Amino acid sequence: MLDLNPYLKQKNQIDEDTIELLVLSACQTAKGNKRSALGIAGIAAQAGARSTVATLWRVDDNSTALLMKEFYKELKDGKTKADALRLAQLSLLSNPDYSHPYYY
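Counting from 1 along the sequence shown, just add 879 to a position and that's the residue number in the numbering used here.
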């Protein structure tokens, strides 16, 4: 795993560049190991990201693309991060091809 300690140390020097929302739209981005209990998402939180969207399991490429498209659309429409994610999940739930919880 990449050593991110130098980046974490720089955090205090560049607080004005805080990441408001970091989306890690890939497989198991919140799954940890011995070095980082929460994986890349945990490292991002330690580095100062205010909000992180990450996954604990493998994700389907097609459903994830649809979920992210809907999530960003809802954010652009002024929804909160939590509401945008909830509405994106509900959008997948209403699609017969992706109604199983695995997909959202």
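All C-beta atoms in this analysis are idealised placements derived from N, C-alpha and C, irrespective of residue type, glycine included. Just so you know, these numbers come straight off a predicted model, no measurement behind them.
Item	Value
I'd like the span of the alpha helix (DSSP H) that includes T934, first residue to last.	From DSSP, T934 is part of no alpha helix (DSSP H); its letter is neither H nor E.
Drop a sphere of 10 angstroms on the beta-carbon of G957, count the other beta-carbons inside from all chains shown, and report buried for 16 or more, exposed for fewer.	exposed
With L903 and V932 assumed to form a contact (beta carbons below 8 Å), what rounded beta-carbon distance in angstroms separates them?	7 Å
Any idea if Y981 is buried or exposed, counting beta-carbon neighbours within 10 angstroms, 16 or more meaning buried?	exposed
Name the DSSP bridge partner or partners of L901?	T931
Could you tell me whether the Cβ atoms of F950 and A967 are closer together than 8 Å?	yes
Quick check on this structure: which residue in S973, E899, L964 has the alpha carbon closest to the alpha carbon of G927?	E899
Could you tell me if A944 is buried or exposed, where buried requires 16 or more neighbouring beta carbons within 10 angstroms of its beta carbon?	exposed
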